[in-house]
Amino acid sequence: MMGIRSLTFRLKVQGFVAVAMMAAMLPPLAHAQDDEVVARVNGQEITAADLAIAEEMYGPQLGQMPEDARRSVLVNALIELRIVADAAREANVTEQDAFKRQLAFFEAQTLRSVFIEQRVADAVTDEAIRAAYDGQVGSFPTVAERKLRHILVGTEDEATDIINALEAGQSFADLAQERSIDAVSKAKGGDLGFVAEGEIMPEVEEAAAELEPGQFTRSPVATAFGFHVVMLEEARNRPPPAFETVEPQIRQALASAEEQRLLAGLRAAAQVEKLVPDVTPPQADDGHDH
């Protein structure tokens, strides 16, 4: 279990010091009377509202910690924060230039974050996401696909015997379960699901193209794996992805684009004088040759 000292160190590394500096400069926040008080430090209340902010900032670092332990660790961190902040005030840290410089930096950082978050949220609405989806669905390429079953055996004679059994009325799925050597599809009655062009062995694909739904190949189909008997169950154009499955990706893409648009507009309107050379950072080594 993560101890308070370990957590405090990690949170400081991740930005906890910024909150501590803010707390050192500002008096304790006033909260609504109905806020649950979770701790008191020198008579000052730490409330559920403070805990909610801590959870938002530090929660991801706590992983799958049980809820009661999570709450306890965060409250301990807030207690230590308040204790150190009080000590910093008494030591007049708020009057030091180093404090003021760092506080100004973190204030600008927070303003940037809140400003962009609010503007992006205003632009990336549910309606905008739906409109983007509707516009993209029409541009999806049409992909023809077939729902196939197959039975794979080791010899041509075995495949011919299976074709004769099918012509006599035996079930394709039953024969696949009994005789196919494809362990993956065998348990599903030979079902290969929907496959598009290029997603299956060319010999099988070519044979399936000659079939109508419900038909099976009347001669064995030879591949490097053996001999197949192939059945076409259904042919269709692949449907576009459902809105629910791509909504998070569309939201993220729109948010990223809006943030870049916003930043570009602000920078274009600002008077900027960069006094150091522009240098392109080296590309990170991802283990691939480029």
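Reading the sequence shown from the start, the letters are residues -32 to -1, 1 to 258 in mature numbering (1 follows the signal peptide of the UniProt record, and there is no 0).
Cβ atoms here follow ideal geometry from the backbone N, Cα and C, with glycine treated the same way.
Bridge partners for residue i per DSSP, in chain order?
| i | result |
| --- | --- |
| Ala190 | Phe195 |
| Leu234 | Per DSSP, none; premise fails for Leu234. |
| Val9 | Gln12 |
| Ala164 | Glu113 |
| Leu200 | Leu116 |
| Phe184 | Met199 |
| Ala205 | The sequence given here places Asn at residue 205; Ala does not occur at that position. Paired residues: Ala112. |
| Asp159 | Arg117 |
Under 8 angstroms between the Cβ atoms of residue i and residue j?
| i | j | result |
| --- | --- | --- |
| Glu171 | Ala190 | yes |
| Ala112 | Ala164 | yes |
| Val197 | Pro207 | no |
| Ile51 | Val9 | yes |
| Leu222 | Ala89 | no |
| Leu46 | Ala96 | no |
| Phe195 | Thr93 | no |
| Leu120 | Ser81 | no |
| Ile84 | Glu215 | no |
| Pro181 | Ala155 | no |
| Arg117 | Gly157 | yes |
| Ile130 | Arg186 | no |
| Phe184 | Met169 | no |
Ordered along the chain, which non-local residues of its own chain (more than five positions away) have a Cβ less than 8 angstroms from that of residue i?
| i | result |
| --- | --- |
| Val244 | none |
| Phe211 | Arg98, Tyr101 |
| Ala(-3) | Note that Ala(-3) scores 40 on pLDDT, short of 50, meaning its location in the model is unreliable; the coordinates nonetheless yield the value given after this. Excluding sequence neighbours, Ala(-3) sits near nothing in its chain. |
| Leu19 | Val6, Arg39, Leu42, Val43, Leu46 |
| Thr15 | His(-2), Asp3, Glu4, Val5, Val6 |
| Ile21 | none |
Once the 5 residues before and after residue i are set aside, which same chain residues still bring their CB inside 6 angstroms of it?
| i | result |
| --- | --- |
| Glu201 | Lys115 |
| Phe162 | Glu113, Lys115 |
| Phe108 | Pro208 |
| Pro250 | none |
| Gln239 | none |
| Thr110 | Asn205 |
Quick one: what's got a C-beta closer than 7 angstroms to residue i's C-beta in the same chain, skipping five residues either side?
| i | result |
| --- | --- |
| Arg38 | Leu30 |
| Asp2 | Since pLDDT at Asp2 reaches only 41, below the 50 mark, its modelled position is unreliable, and the value read off the structure follows with that caveat. Around Asp2: no qualifying Cβ. |
| Arg87 | Leu230 |
| Ala248 | One detail in the question is off: residue 248 reads as Thr in this sequence, not Ala. Answer for Thr248: no residue qualifies. |
| Ile218 | Ile97, Ala100, Tyr101 |
CB of residue i to nearest heavy atom of the ligand GDP: below 7 angstroms?
| i | result |
| --- | --- |
| Glu24 | The ligand GDP is not among the ligands present in this structure, which contains no ligands whatsoever. |
request  = Please go through the region 65 to 152 and give each complete beta strand (DSSP E) segment of 3 or more residues, from N-terminal end onward.
outcome  = When DSSP assignments are scanned along the region 65 to 152, the uninterrupted stretches of beta strand (DSSP E) that are 3 or more residues long and fall wholly within it turn out to be 112 to 121.
Three or more C-beta pairs below 8 angstroms linking the region 131 to 148 and the region 221 to 235 = They do not touch, by the three-pair rule.
inquiry  = Check whether the region 65 to 78 and the region 42 to 50 are in contact - that is, three or more C-beta pairs closer than 8 angstroms.
reply    = The region 65 to 78 and the region 42 to 50 do not touch, with fewer than 3 CB-CB distances between them shorter than 8 angstroms.
inquiry  = Report the start-end ranges of each beta strand (DSSP E) in the region 12 to 37 that is 3 residues or longer and not cut off at the edges.
reply    = Counting only runs of 3 or more, we get 12 to 15.
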